[in-house]
Amino acid sequence: MEKHSTPAGRERWVRAWAEDGVFEADHQDTERPRRMVVSMFPYPSGDLHMGHAEAYSISDTVARYRRMCGDNVLNPIGWDSFGLPAENAALKRNLDPREWTYANIDVQAESFRDFGISFDWRARLHTSDPEYYRWNQWIFLRMFERGLAYRKAAPVNWCSKDETVLANEQVIQGRCERCGTVVERRNLTQWFFRITAYAQRLLDDMEQLSGSWPEQVLLMQRNWIGRSEGAYIDFSVNESDETIRVFSTRPDTLYGASFIVIASDSDLADRICQQDRKAELDSYREQIGSATDIERLAADRPMTGVFIGRYAVNPLTGESLPIYVSDYVLAEYGTGAIMAVPAHDQRDLRFAQEKHLPIRVVIDSPHDPESTGTAYEGDGTVVNSGEFTDLPSDEAQSQIIAELERRGAGEGTVTYRLRDWLLSRQRYWGTPIPIIHCPSCGEVPVPDDDLPVELPQSGYQLRPGGGKAPLESATEWVNVDCPRCGQAAKRDTDTMDTFVDSSWYPLRYVNPHYTDGPFDPAAVEKWLPVDIYVGGIEHAILHLLYARFFTKVFHDLGLVSFVEPFTSLINQGQVIMNGKAMSKSLGNLVNLQEQIAAYGPDAVRITMLFAGPPEDDIDWADVSASGSVKWLGRVQRVVADATAFSSSRHAAEEDTDLRRDIHRLISEATEAMERYRFNVAIARLMSLTSRLRKALDSGAHAREVVLEGTNALVTMLSCFAPFAAADAWDTLGNPPYVEHAPWPRADDDLLAGELVTAVIQVSGKVRDRIQVPANINEEELRERALASERVIKAGQGAEIKKVIVRAPKLVNIVFS
């Protein structure tokens, strides 16, 4: 194995970079373009792991490249340091959560330095610091004033072991993902953010992100928000004053409704259930109580439910429809009730067949739903629907809605799948909710001057038992006087979901010790929105959606001028082992520190980046860090030999050829960097290494040409292997630091005639034209074509069916 840099040698550069502020952004500089590069901040659960290595290798490469391109770059770091894992770890070790959390932060900070990440450490923040979470509370109070923060009773997932509410995503097959305890469904009074008030704006503003965010992320968010156009339809309940309001996207199927289903956790079910059916209803609820919302909506679950002895009247036909309670309808979605049309909805069909209920076709179907067991959910000609028969679906929709409105039995509307954000957590290690509950005044905001409401450092129990939240046990902290009337009152004992912490932290980075507000508005106006944001696609929904929501609220409060927090988004894949996610239980965990000790941080970074595009998964079993070490050894020898190289040749034809090759590889590496195809850029640097080796071995070139190529190689290498590049730059006798050197620019005059125009088509229609090297191969031309913003927009998230490449002049892409 080739020699790699030693810890002592690396420490030299870490210390020098810090002492000379090499990576510090210049907040006073108004000449250079400002560029903010942010990687999603880490959770301090232990030392850095392979996933961190990949994510920060990507963001650091971007930051280093943009500095060399002349930008004034802010590359900050912080820690998402609140949360249940720290609380559980502290409980297990009999520690204060602070002790465990900040010890891990120190370990990770040191590892980041050892890994050569070019952070501006002045921007460092921790969300568990009172100076940070004070502003979580301030933001909550502004939301509360505007009706965007509110409290209500709601069914939640409850883990009895961790004694806290869990998000649906934290429940796997009915069990807590962390401890495996069977999850209960409980009704608790909880705090919510009214994100639904921004549903349409969250959809509309995606237009700004198209082409700069991965289309898959935008599609996931659109589906999560789930805009639906349809109608509210009112069904009166026989022998009752109650009315069941349902929402349907298919009012054209109203004549096919054969029963009504109410959510099992709906209050409406209790109100209208016949007395002699209540015991059966209670028994059913107990039976299905542990299922999560996600599991309840699964298409392959057995269909269960009970008849509650009542009937509802179809407002257009007058038919009485039996009312069932089932767990496949959710109280928190829509109105908590549906009209079931089994011929045209698969879950309704399965339920109808289970309960032997009528199945009526009202849209002309290509098959019989009852005999095939497959509902027809498409559009078509309306049948068996009275005066609306023979109309196309869309026409029938509008006419049926008009008739419902004329009768006062419904109305056309738009609804969203998106639910309000439940932010209450029954934990200690989180931001206390700044509300005081007074018997006379009700919910009273803590005055701004009394913020932060700090967590008590003593007098509390992490698991007090009895279903109590930890802060309830801190009686001295809980009992306070009401700020309005002075009577004895109590603090709210819930803490905030940690997604609150992560929804606005980039705005704090520009001045983390600002005291006059959550962030410095002048500095934010200079630096934000974030230019390049790096993180895993697993955060596509909650974190990114919440951050977008917060930014729009800040805009409405007059705090920022923009409505989207991240201009460009890079998703990185996972680092896996032998085709599976790394875990201790599978025995396939790869230890990052062991890899660094064996190969050095530069080789680990190069291996990560060379394995494929950022969004692809990396199977560590399929890559070789030793190969990266060998290449770095070749670079080292090229640098040493180029430094000692002596030649009296000038302007020879061979020198022109060498310069042309050097500049062609610079051009191709630059183009790859602009597209975040770091694997391609590294490949070009490897080719440049080989070309320089050949030139040195031939001895037939002028010294200045060889040094020109070697300096270009080392400059570009610094984005990927900072320690090796720093050593090489020093060996070449250049002034410090290589990070201050400009990214090399290709000489267009040298390359004239070596570039051709490639035409990019989508389904035969020209969408783009790009300049490419005449000798480009099919794979690289395909990759460049697919990265075209115009192609991405033309595809609109559709799957690629076929790509025809005729290098170097044509690519035709066919989407499904």
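The sequence shown runs 1 to 816 under UniProt numbering.
Glycine is no exception: its CB is placed at the ideal position from the N, C-alpha and C atoms.
Owing to the predicted nature of the structure, the values given are computational and were not obtained by experimental measurement.
Distance, residue j Cα to residue i Cα
i           : j    : result
N812        : A681 : 25 Å
M1          : R605 : In this predicted model, M1 has a pLDDT of only 34, less than 50, meaning its place in the structure is not dependable; the value taken from the coordinates is given anyway. The alpha-carbon atoms of M1 and R605 are separated by roughly 17 Å.
P529        : R122 : 19 Å
M582        : A621 : 11 Å
A312        : F247 : 15 Å
P773        : Y416 : 48 Å
R660        : A728 : 23 Å
L462        : S561 : 42 Å
G116        : F723 : 7 Å
K802        : F815 : 7 Å
D47         : G336 : 45 Å
F140        : V453 : 12 Å
residue 818 : E476 : Any question about residue 818 goes unanswered here, given that the chain covers just 1 to 816.
D114        : P601 : 8 Å
R10         : A672 : 28 Å
A625        : Y599 : 7 Å
K793        : A8   : 49 Å
N679        : H701 : 30 Å
E387        : R406 : 15 Å
residue 825 : L202 : Nothing can be reported for residue 825: it is not among the residues displayed for the chain, which extend from 1 to 816.
D205        : E654 : 55 Å
D619        : D492 : 47 Å
E668        : V756 : 13 Å
A489        : H126 : 31 Å
V623        : R684 : 18 Å
R186        : A154 : 8 Å
P33         : A652 : 40 Å
S210        : G627 : 38 Å
L713        : D730 : 14 Å
Y102        : P44  : 8 Å
D286        : T567 : It is worth fixing the name first, because residue 286 is Glu in this sequence and not Asp. Approximately 48 Å between the Cα atoms of the pair.
For residue i, the three-state DSSP class (helix, strand or coil)
i    : result
Q761 : strand
D497 : coil
K809 : coil
V443 : Note on identity: in this sequence residue 443 is Glu, with Val being the wrong assignment. Strand at E443.
F193 : strand
E2   : Confidence at E2 is low in this model, with a pLDDT of 45, below 50, so the placement of that residue is unreliable and no value is reported for it.
D661 : helix
N711 : helix
Y102 : helix
I800 : strand
E146 : Here residue 146 turns out to be Arg, not Glu, going by the sequence shown. Coil at R146, not helix or strand.
R12  : helix
Any non-hydrogen atom of the ligand MN closer than 7 Å to residue i Cβ
i    : result
T670 : In terms of ligand content, the structure shown is empty, and the ligand MN therefore cannot be addressed.
Residues bridged to residue i [DSSP beta-bridge criterion]
i           : result
S320        : V313
S326        : A263
C485        : Answer by DSSP bridge pairing: none, since C485 is not bridged.
L125        : G78
L166        : N157
G186        : Sequence inspection shows Arg at residue 186; the Gly mentioned does not correspond to that position. Answer by DSSP bridge pairing, in chain order: V156.
L213        : Going by the sequence as given, residue 213 is Trp instead of Leu. Paired residues: S210.
G411        : It is Glu, not Gly, that sits at residue 411 in the sequence shown. DSSP, once it has assigned bridges, lists Y232 as partnering E411.
W421        : F193
M608        : None; M608 has no bridge partner.
residue 864 : The structure shown does not extend to residue 864, since the chain is modelled only from 1 to 816, so the question has no answer here.
query = At what residue ranges does the segment 215 to 260 contain a whole run of the beta strand (DSSP E), taking only runs of 3 or more?
reply = DSSP runs (the beta strand (DSSP E)) wholly in the segment 215 to 260: 227 to 237, 243 to 248.
request  = Determine, using beta-carbon pairs with one atom in the segment 325 to 337 and one in the segment 254 to 266, whether at least three such pairs fall under 8 Å.
outcome  = yes
ask   = Are at least three pairs of beta-carbons, each pair with one atom in the segment 50 to 60 and one in the segment 605 to 615, less than 8 Å apart?
value = Touching, yes, given that three or more Cβ pairs across the two stretches are closer than 8 Å.
request  = Determine, using beta-carbon pairs with one atom in the segment 638 to 649 and one in the segment 79 to 95, whether at least three such pairs fall under 8 Å.
outcome  = no
ask   = Can at least three beta-carbon pairs, one atom from the segment 215 to 226 and one from the segment 351 to 371, be found at a separation below 8 Å?
value = no
inquiry  = For the structure I just gave you, are there three or more beta carbon pairs, one from the segment 228 to 241 and one from the segment 590 to 597, closer than 8 Å?
reply    = no
message = If we require 4 or more residues per run, which alpha helix (DSSP H) segments fall completely within the segment 506 to 582?
response = 521 to 527, 542 to 556
request  = Answer yes if the segment 430 to 446 comes into contact with the segment 476 to 488, meaning at least three C-beta pairs across the two stretches below 8 Å, and no otherwise.
outcome  = yes
message = For the pair the segment 151 to 163 and the segment 99 to 111, tell me if three or more CB-CB distances fall below 8 Å.
response = No: the two stretches stay apart, fewer than three of their Cβ pairs being nearer than 8 Å.
key: Touching by the beta-carbon criterion (3+ pairs, under 8 Å), the segment 497 to 509 and the segment 548 to 567   = yes
inquiry  = I'd like to know if the segment 36 to 46 and the segment 70 to 79 are in contact, where contact means that at least 3 CB-CB pairs between them fall below 8 Å.
reply    = yes
message = Taking 8 Å as the cut-off, does the segment 178 to 194 touch the segment 146 to 157 (at least 3 CB pairs, one atom from each stretch)?
response = yes
inquiry  = Could you check whether the segment 752 to 772 touches the segment 782 to 799, counting it as contact only if at least three pairs of C-beta atoms, one from each stretch, sit closer than 8 Å?
reply    = Because the criterion of three Cβ pairs below 8 Å is met, the segment 752 to 772 and the segment 782 to 799 touch.
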